[in-house]
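S.K.:
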Amino acid sequence: MRPSARAPGVETGDGAARAASIALGLVAILRRDVARHRAWMLRGYAIGMGAGTQVLTLMPWALAEEPVGEGGKAVSMAAGWLINLAVAEWAVHRGGRRTPVPVRAGDR
0 MRPSARAPGV ETGDGAARAA SIALGLVAIL RRDVARHRAW MLRGYAIGMG AGTQVLTLMP
60 WALAEEPVGE GGKAVSMAAG WLINLAVAEW AVHRGGRRTP VPVRAGDR
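Numbering (numbering that gives the first Met the number 0), first residue to last: 0 to 107.
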């Protein structure tokens, strides 16, 4: 696998999706909609961190020392972003459901 091999169509989509997420996050915070702002910024962050996940999705080809065609590389790169977006969507829709920490009378 050549490190310089690129998948321009996928990378263009990545940049456009990240820019759109940031723009929608900005619009939301200007409207003082903090929840929507957080959701859009989390999505933008997930897309931006896709390169880290792509290491895992491209690793099978690197370990097998098999050449990756343009199609295989594009699918692997897209899988990295999609995995991150799926986790981000799970976090967004999970909402603020956190386990409450009990407060004892002596801790106040």
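Cβ atoms here follow ideal geometry from the backbone N, Cα and C, with glycine treated the same way.
Counting only beta-carbon atoms, is Asn83 nearer than 8 Å to chain C?
M.R.: Of the protein chains in this structure there is only one, and it is not chain C.
S.K.: Pull up the CB-CB distance for Leu84 and Ala22, whole angstroms please, since I reckon it's below 8 Å.
M.R.: The Cβ separation is near 17 Å, so there is no contact.
S.K.: Taking contact to mean at least 3 C-beta pairs separated by less than 8 Å, is the stretch 68-84 in contact with the stretch 52-59?
M.R.: yes
S.K.: Using only the alpha-carbon positions, how far apart do Leu25 and Gly14 sit?
M.R.: 17 Å
S.K.: Considering Pro66, what are the terminal residues of the alpha helix (DSSP H) in which it resides?
M.R.: Unbroken run through Pro66: none, as it is neither H nor E.
S.K.: Considering only residues of the same chain and omitting the five flanking positions on each side of Thr52, which have a CB-CB separation below 7 Å?
M.R.: Gly79, Ile82, Asn83
S.K.: Could you check what DSSP says for Pro2 in three-state terms: helix, strand or coil?
M.R.: Any reading at Pro2 must be qualified, since the residue scores a pLDDT of 44, below 50, and its modelled position is unreliable; no value is offered.
S.K.: Which same chain residues, not among the five before or five after Gly47, have their C-beta less than 7 Å away from its C-beta?
M.R.: Arg17
S.K.: Is DSSP giving Arg30 helix, strand or coil here?
M.R.: coil
S.K.: Nearest to Gly43 by CA position, among Thr11, Ser20, Gly71, is which residue?
M.R.: Ser20
S.K.: Classify Trp89: buried if its beta carbon has 16 or more other beta carbons within 10 angstroms, exposed otherwise.
M.R.: It is exposed - the Cβ of Trp89 has fewer than 16 other Cβ atoms within 10 Å.
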